[in-house]
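Reading the sequence shown from the start, the letters are residues 607 to 673 in the working numbering.
Note that CB positions come from ideal geometry on N, CA and C, so glycine has one too.
Here's the structure, in structure tokens; my notes come after.
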Amino acid sequence: AQGTGEVYQKQEEFLKPVKDKVLKTIETVAKEEGMQFVFDKTEQAAILLYADSAYEITYKVLDKLKR
């Protein structure tokens, strides 16, 4: 079991720079194209890869919950 964890950790270390570059490029293209949201449709359930921060409502929700 420990070997599997080590392999996963090494894989993540190797892939992180690639993933970071891809996500940054997606963000750049989305902004250039005026997109607010970008989804990864390769998975069975779509995964949000980028969202314009103008649509961030976390703090508004937390504020209402505190009232």
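Where the alpha helix (DSSP H) containing Y665 begins and where it ends: Reading the sequence shown from its first residue, position 59 is the one you call residue 665. Taken as a continuous stretch (DSSP letters only), the alpha helix (DSSP H) holding Y665 covers 664 to 672.
Beta-carbon spacing of A652, Q642 below 9 Å: Here residue 652 refers to the residue found at position 46 of the sequence shown. Here residue 642 refers to the residue found at position 36 of the sequence shown. By the CB criterion at 9 Å, A652 and Q642 fall outside the cutoff.
Cα separation between Y614 and L621? The residue you call residue 614 lines up with position 8 of the sequence shown. The residue you call residue 621 lines up with position 15 of the sequence shown. Each residue's alpha carbon lies about 10 Å from the other.
What does DSSP give as the partner residues of L654 in its beta bridges? Here residue 654 is taken as the residue at index 48 of the sequence shown, counted from 1. DSSP lists F645 as partners of L654.
I need the DSSP call for G640, collapsed to helix, strand or coil. Residue 640 sits at position 34 when you count from the first residue of the sequence shown. G640: coil per DSSP, three-state reduction.
Work out the CA separation of E619 and G611 for me, nearest whole Å. Position 5 of the sequence shown, counting from 1, holds the residue named residue 611. Position 13 of the sequence shown, counting from 1, holds the residue named residue 619. Computed Cα separation, rounded: 12 Å.
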